[in-house]
Structures are given as structure tokens and as C-alpha cells.
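*Asks:* Following this message is one structure expressed as C-alpha cells.
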Amino acid sequence: MNTFLQQVINGISQGSAYALIALGYTMVYGVLRLINFAHSDVYMFGAFMGYYLANNRWVQSRLGTSPASAIVIMLGAMILSAGLGILIERFAYRPNRSASPFTLAFWFGILGAAAGQLIGQSFATLVAGAGIGILIGVVIEKAGLRPVKQDSRLGLLIIAIGVSLFLENGGQQVFGADPKFFPEIIPTTLMNFGSLKVDSQKLIVLGVAVVLMVLLNLLVHYTKTGKAMRAVSHNLDAAKLMGINTDRIIAVTFAVGSALAGAGGILVALLYPRIDPLMGVTPGLKAFVAAVLGGIGNITGAMIGGLILGLAEVMAVGYGESTYRDAIAFIILVLILLLKPDGIMGKGSTEKV
Amino acid sequence: MTHKLRQLVLCLLGIAAVLVMTSCSPKASEGTEIVVGVYGSLTGTDATFGTSSRNGVEMAMDEVNKAGGVLGKQIHVIVEDDQSKPEEAQTVATKLISKDHVVALLGEVASSRSLFAAPVAQQNGIPMISPASTNVKVTQVGDYIFRVCFIDPFQGLVMAKFATKTLKLKNVAILRDIKNDYSVGLADVFIENFKKMGGNIVADKSYSAGDIDFSAQLTSIKSSNPQAIFVPGYYTEVGLIARQTKKLGINATLMGGDGWDSPSLIGIGGEALNGSYFSNHYSVQDPSPAIQKFVGDYKARFNEIPDGNAALSYDAAHILVESMRKANTTDAAKLRDAIAQTTDYPGVTGKITIDKDRNSVKPAVVLQVKDGKLSYVETITP
């Protein structure tokens, strides 16, 4: 019995990690009907920002290991992740809705920089490459060649996968491919409840996760921005006609979703201190399953889905074989798609033709 | 419009391809240099394995080159990174053999990756010396594959002996990396020997390399009340497992094999590793002058204490050079025969003799993690 309860605690702690990532998927899907595959990489980015902030001299010398430093690290990483989310939205997704002159120049610039780095292996060639790339981008744009067809759902999805791969491989170049170890920014103590052992970090992580979820619910349901988000989610064109600045609302959605992913990255890194540029891939897929399980587009559903998934996984490993760990998530996905495709909390809706 | 665009993109791709191709010019230095290939995990989960291995080889080859080289030529080492991935090990081994025309391969540390690269070396008839792959299957690939370390049947015996004789343990749990040939093999051998000596295996659980959460396995191990947990994995996971054991209030001693050996081990596991034991190839605390000289030189050059992989790679490189000297050629078949005849080579990791199965028979040491350092406990001979 004790072992079982301990496993339940393990499952909840794993599940709250999935829930945090699932929230971002569900939010963006709710507003844009887009599965933002780059979301799991923003989660990775958040963990790395936390790592660099925690190892930053200024943070270390001013704050040391105090609750204040943990909060600074957490907020800092959330803001940086939100920034990345806005960038992704601005340069990768928005051009699909409305063509922008900067976009091609931006992407060709990155391509050029990469080619420059490959050819010359030095900073000078990198800059030269970026310059040439930007020039090519502008020329193509001026010539009136707009490669991204406007408003195609499939195009967006493919762009999302592209951004995700770009962040994963760019991360390996920038952060290095070998794993880093996240410092203990919150000291851990072992607490006893009878013969149950719970480590204080797990409780803090769970607590922060719950607070973030409650804040998100408040934002969506009780603020003007939230109201606008729901309007955009309901009907983008109608919202635009009602005078809502839809581009801004979408950017805010991305920012909030990415900030949550960044927070998730740090919270998970606290529990499991190993971080690397590919750390988002598997949890990202699992969180996606959790979002579908709870009913994609539904915030409470994402939380419930995450917890169910975490518990199911831990039970499978604890009482079965560790090799089934990843299989269990996808078995759940198949089952939910067969039995209740709208998810647990999802409202049955029919696609209007 | 789209037609124009397609042409433009194709043009750009063409230009890029030409630029990339012309940027890597072939090296024409085969006449004056002997090219030796090293492949290892310079990045990825087991990054210190490859880094230590490269450091050990480069140090040995620089010594040889400074002393005038071998066969009147200098040795040129080409290092390739396999990113801790088995398939990548095969790719880089193929590249080293077919493009760089190396006369011999040195690598890998991890058995899974040696097992992927060894068939390539065997098919091309290029001698390969693995510094630290302990899984039996590695040298069974063929007669061109050698190793300078002991093998897992011996290592498993050492830890079983140590657990029963020295620590007087009765109940031990196993936590193995199910995706890793080395870990699975070593766990099996340990169980076999430990049972023979009268011990009980109370739980046998597994994880997969790359996992970050081990709490489910550890909770179920905890319910079987083991005195010790044998974790024959690699240092990254071992460090994380150690931390999570403490967070679940498990007090069992942790034990493992040479996969623990890494300068990063203690950084990852921290205090949670205190009091754990693992078997290894040598101890830096050994007072013998040869070892102390190696440790001193290595520290001076890389600012790090050499782990077993660095020492073994250093030995492997020297044995390769020694064999070139004996064969008086770098012809693959003759070089192979010379390596096979290595007897009593005085290496840093002990006297190395290559037996008929192309393995080496050597004693193992047991080390304990104590206050953030590795301290020598005992030597167990075959």
C-alpha cells in the first residue's frame, strides 16, 4: 500500500510536468487551431535560460541560493521564453496569415549565416553569409515572389515542424550537444508523512504548477485580453471585424504559452536536473498526448490529461517493464482517438463546411 | 512566378553545394605521415568517454612524435565524433577508413558503439583496438578487433566477489540500462556469480539511457529492501539515479562497473554518491612511478585527473605504435599479427597481454566515492 501511494506521488510529480507543457499546446490550438510543434523546444529553451541565469555571476553574487534568486531565475526564464514565442510567431507563423517584407529576409539571413559558418568556420564568414542571405531575401520579396501561400492550415503545420527542428539543431550548435546539469536553486529536504517520503522540491514544483494554471484560468476568463482571446478562438475574422487587434492577441497567446513552457522547463529541470537541446522532444510528444487526452483547446482538460498520463506511466514502469514507458502514452492516444476523439473535457463539435 | 522562383531556388542550392564541396580540400600527406583514426563520443550523453579517449590518444601520439615518430614518419591522428550514437559510430568509422585511409582505428569506449563500428573495420581489414569496451561480443566480431581492457564476465565476478566477501551482502537489487549491451551483459554476469556465492537478487528493474525519471523503478526496488543496488550503467544516468535514491529515502549502497568512471560523475551525482563502489581499470592513487608520471603529465596538459578511459586509450595508442615498430610496416595484415602478439606490455593500466580471443587479462580495482573523490579500496586479480 505504501509503495502504491509513493508511486502515486511519483506519478503526480511527473504528470504536473506534462500538464505544464500541455497547457501551451492547448492554448495555441484553442486560439489558432494550430499544433505548435515548436512549443516543446521553447520548453527546452526555458530550461537553458534558467541554467545560464543560475550560473550568471551577477545573480550568484547578489542573490546566492535564496528564494529571491529562484524567483528571479524563474521569471527571467519565463520572460525570455515569452520573447522567443513572440519571435517565432512574428517570423514563422504570421507571414502565413499576412505577407510581411521582413520574413523572407530574416529566414534567408539565417540560412546564409549557417552556410557562412559551414564554409568559413569563422565569425566573419558567418556575418557575410547573413548579409548575403538578407540581400537575397529582400530581392526575392521585391520581385514579388511570395513563396508562402496565404492562410493554409497544412502550410502552418509544416512551418511548425520546421521551426521545431531549427530550434533543436540550433540549440545543439549554441548550447552544445552534451547534457548540462541544472543547479539546485531550491534546496531540498526530505519530508516524512508516516512512512511516505516526499521531497520538498516535488511539493514546490506541484505548487508552482497549480498557481500558474490558476493564473492562466483567471487571465483567460476574467480579463479583457482573455475575452479577446476567446473571441479570436471562436472566429478570427469576426473578431477582426469587431475591432480586435487579432495579430496582437495571437502574439500575446504565444507569449503566455511560451512563458508557461519556459516555467515548465525550469520546474522539470529542478526535479530532473539533466538538460540537453533534445530534452523537449519526448516530453513534448507526451504533453501533446496529454492535451488531446484532456480535450485539445481546453485548459482544465490539459491539466487532467497531464496528470492521468504521468500516473499511467509511473504505474507501467513501477509494476511492469520500463520499456513500456513511452508506449503507454501512445496507447492512450490511440484509445482516446478511437473512443472519445474530443478528449475528456472536450465539447463535441462539428466542422462547419 | 512560381516557375521563376523554382529556378532561383535551384540556382541558390547549386551555388551553395559547390561552395560546400570546394571548401573541404583533400589532405595529401600520406607520404610523410601515418594516419591513425580515433572515433568516440565527444558530444552527447557520454561526452566524457570520447573526450578522455581522445586526450589519452593525443598525449601518447605526441610523445611518439616528439621522440622521432615511428618507421621514420610522424603520426597524424584524425578524431571523429559519433555523438554518443551507435549508428553514427558506424558512419564515422566508415569515413575514417574509406576517406581518410587510416591504418588503424582506436575506439570506442562504449560497447554498443564498438559493436556497430567493428564490422566495418573487420570487412575492410583494418585493425581496431578498443580501449575500454568490456562486452564480450566486441572482439568476437572478427580477428582484426582487439581490446586492452578486461571483459565483463571478469568484471561481474569482481563485483559479486566484492559484494559477498568484502561487504558481506546478502540481498542486492539490480537496475540496468535495457538499451545498452554493456549494462545488460554486466548485470547478467553479476547475477550469475552473486547467486553462485549464495546471495539473493531481490529485484531486477530497468531503465533506458536518456531517461530522467527513475522514481518508479526505485520505489519498487525500495519495497524489496535491498542492502545494495547494483547499477551497471553510464555515469550520467548513475548520477541522476543516485540523487533520486536519496530523495526517496533509500539507504542502500550503490555499486557499479567501469561505466561510472568519468570526471563528471561526482558533479552529477553530488553527495548522493558518497559511499558507493565501482570496479575500474586503474586507480590514480596507485603510487607506481609510471602511473604517477602519466597522471602528472595528463593533469599538466588537460587540467583534469585522467579517468580509466584516458589511461586505457593512452595504452591502446602506445601498443599500436609498438606493434607498427615490431611489424616494421603499416600493412594491415602484418600490423594485425603484431598486435595479436603483444605480451607483457607495461601499460599505465597494468601489464597487457593480448590472448587468443584478442582480449587482455588484467586485474581490476574497486574504488569508493568518498567526499567527492575516488579512493582505492582493493585489487581483485583474475
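Protein chains in written order, with the working numbering: chain B, 149 to 501; chain D, 4 to 385. All C-beta atoms, glycine included, are put in the ideal place defined by N, C-alpha and C. Quick caveat, the model's predicted, so the values are computed rather than measured.
(1) Name the two residues that bound the continuous alpha helix (DSSP H) containing B/G355.
(2) Return the Cβ separation of B/A276 and B/G264 in integer angstroms, given the expectation that the two are a contact with Cβ distance under 8 Å.
(3) On the CB-based measure, 16 or more other CB atoms within 10 Å of its CB, does B/K350 come out buried or exposed?
(4) For a contact defined as C-beta to C-beta under 7 Å, what are the partners of D/S226 on chain B?
(5) For the alpha helix (DSSP H) holding D/E240, just list the boundary residues, first then last.
(6) To the nearest whole angstrom, what separates the beta carbons of D/A341 and D/K329, a pair I think is in contact under 8 Å?
(7) What is the DSSP secondary structure of D/P349, reduced to helix, strand or coil?
(8) Would you please state the rounded distance, in angstroms, between the beta carbons of D/V187 and D/I181? I believe it to be under 8 Å.
(9) Give me the Cβ distance between B/L329 and D/I271, rounded to the nearest whole Å; I'm assuming they're in contact under 8 Å.
(10) Using a Cβ-Cβ cut-off of 7 Å, state whether D/V372 counts as contacting chain B.
(11) Can you have a look at D/K1 and say buried or exposed, based on whether 16 or more other CB atoms are within 10 angstroms of its CB?
(12) Taking the C-alpha atoms as reference points, what is the distance between D/P156 and D/V364?
(13) With contact counted as at least three CB pairs below 8 Å, one residue from each stretch, are the region 383 to 393 of chain B and the region 305 to 316 of chain B in contact?
(14) Taking D/Y210 as the query, report the chain B residues whose CB atoms sit under 9 Å from its CB, ordered along the chain.
(15) Taking C-beta pairs closer than 7 Å, name the residues in chain B that D/D216 reaches, listed in chain order.
(16) Helix, strand or coil: how does DSSP classify D/K164 here?
(17) Which partner residues of D/S209 appear in the DSSP bridge assignment?
(18) Quick check: the Cα distance between D/E325 and B/A417, rounded to an integer number of angstroms?
(19) Would you decide whether D/W263 is buried or exposed? Buried here means 16 or more other CB atoms lie within 10 Å of its CB.
(20) Check whether the Cβ atoms of B/G172 and B/L408 sit closer than 7 Å, and answer yes or no.
(21) For chain B, check one thing: does any of its Cβ atoms lie closer than 7 Å to the Cβ of D/V241?
(22) Within the 7 Å Cβ cut-off, does B/D326 reach chain D?
(23) So D/M131 is in the beta strand (DSSP E); what residue range does that whole segment cover?
(24) Using a C-beta to C-beta distance shorter than 7 Å, which residues of chain D count as neighbours of B/K345?
(25) Let me make sure I understand the geometry here. Which of B/I334, B/I160, B/V179, B/N158 has the alpha-carbon closest to that of B/V220?
(26) Grab the span of the beta strand (DSSP E) containing B/F341 for me, first residue to last.
(27) By the criterion of Cβ-Cβ separation under 7 Å, what are the contact partners of B/F329 in chain D?
(28) Who does D/K40 pair with in a DSSP beta bridge?
(29) Helix, strand or coil for D/E307 per DSSP?
(30) Please name the residue, chosen from D/L251, D/V241, D/K376, D/F149, that lies closest to D/V287 on a Cα-to-Cα basis.
(31) Would you check if the region 467 to 481 of chain B and the region 182 to 189 of chain B touch, i.e. whether three or more CB-CB distances between them fall below 8 Å?
(32) When the Cα atoms are used, what is the spatial distance from B/I423 to B/M222?
(33) Scan the region 458 to 491 of chain B and note each continuous beta strand (DSSP E) run of 3 residues or more that stays entirely inside, going in chain order.
(34) With a threshold of 7 Å between beta-carbons, can B/V462 be considered close to chain D, or not?
(35) D/L276 to D/G75, Cα distance in whole Å?
(36) Under a CB-based cut-off of 7 Å, is D/I129 close to chain B?
*Replies:* With the given structure in hand:
(1) 348 to 370
(2) 6 Å
(3) buried
(4) T151
(5) 238 to 250
(6) 4 Å
(7) strand
(8) 7 Å
(9) Here the sequence assigns Phe to residue 329 of chain B, which means Leu is not the residue at that position. Yes, they are in contact, since the Cβ atoms of B/F329 and D/I271 sit about 6 Å apart, within 8 Å.
(10) no
(11) This structure does not reach residue 1 of chain D, given that chain D is present from 4 up to 385, and the question cannot be answered.
(12) 11 Å
(13) no
(14) V465, S470, R473
(15) Q162, Y420
(16) helix
(17) D/R179
(18) 48 Å
(19) buried
(20) yes
(21) no
(22) yes
(23) 131 to 133
(24) L251, G252
(25) B/I334
(26) 338 to 341
(27) G270, I271
(28) Checking the displayed sequence, the identity of residue 40 of chain D turns out to be Gly instead of Lys. DSSP lists D/I81, D/L108 as partners of D/G40.
(29) coil
(30) D/K376
(31) no
(32) 16 Å
(33) none
(34) yes
(35) 49 Å
(36) no
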